[in-house]
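The opening residue of the sequence shown carries number 1 in the UniProt record's numbering; numbering runs sequentially from there. Beta carbons are placed, not taken as given, at the ideal position from N, Cα and C, and that holds for glycine. Every value quoted in this text rests on a predicted model; they were computed, and no experiment measured them. A short worksheet on the structure shown next.
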Amino acid sequence: MAETRRLIPLLLVAALAGCSSPEQKLRAGLVGAGVPQSIANCMAPRMTDRLSFAQLRRLGEIKARRARGVGELIRELRALNDPEIVDVTATAAALCASGLAR
């Protein structure tokens, strides 16, 4: 019984280590959509701070083909019919690409 109690924290740590945070998933999705890694690294925290969990989940459901950059990604996002997602993504992309945000 005592041995089982000692294993529970280890199992929890192991389980959590396998989970990606919403920010990590979003960053990977942005890169997969053709956003350069450096810009995706800047955009992901800004977007996760400004979008709800439901909106982030909707972004994760998109299985869009590899976009040819941020402009095409924005056009793809318009299909979600959520202006806030488009606005937050476009603003983050502009700030990060211009170097105004890091």
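Q | V70, DSSP secondary structure in three states | A | Within the sequence shown, residue 70 is the residue found at index 70, counting from 1. Here V70 sits in helix by DSSP.
**Q.** Close Cβ partners of C42 (< 7 Å) along its chain, the five nearest in sequence each way excluded
**A.** Your numbering for residue 42 matches position 42 in the sequence shown. If we look at C42 and ignore the five residues flanking it on each side, its Cβ neighbours are C96, A101 and R102.
Q: Report the three-state DSSP secondary structure of G29 (helix, strand or coil).
A: Mapped onto the sequence shown, residue 29 falls at position 29. G29 carries a helical assignment under DSSP once its states are collapsed to helix, strand and coil.
Q) Can you tell me whether DSSP reads P45 as helix, strand or coil? A) Locating residue 45 in the sequence shown gives position 45, counting from the first residue. DSSP, read as helix, strand or coil, puts P45 in helix.
Q.
Quick check on the burial criterion: 16 or more other C-beta atoms within 10 angstroms. Buried or exposed for I39?
A. As a first step, residue 39 must be located in the sequence shown, where it is residue number 39. Classification for I39: buried.
Q. Hey, how far is the Cα of V35 from the Cα of R75?
A. Indexing the sequence shown from 1 puts residue 35 at position 35. Indexing the sequence shown from 1 puts residue 75 at position 75. Approximately 14 Å between the Cα atoms of the pair.
Q: Using the Cα positions of G69 and F53, report the straight-line distance between them to the nearest angstrom.
A: Looking up residue 69 in the sequence shown gives position 69. Looking up residue 53 in the sequence shown gives position 53. Those two C-alpha atoms are separated by around 24 Å.
Q. If you compare alpha carbons, which of G99, A44 and A79 is closest to V88?
A. Walking along the sequence shown from the start, residue 88 turns up at place 88. Checking every option, the nearest Cα to that of V88 belongs to A44.
Q. What's the gap between the Cα of A33 and the Cα of L73?
A. To locate residue 33, count along the sequence shown from 1; it is residue 33. To locate residue 73, count along the sequence shown from 1; it is residue 73. Roughly 7 Å separates the two Cα atoms.
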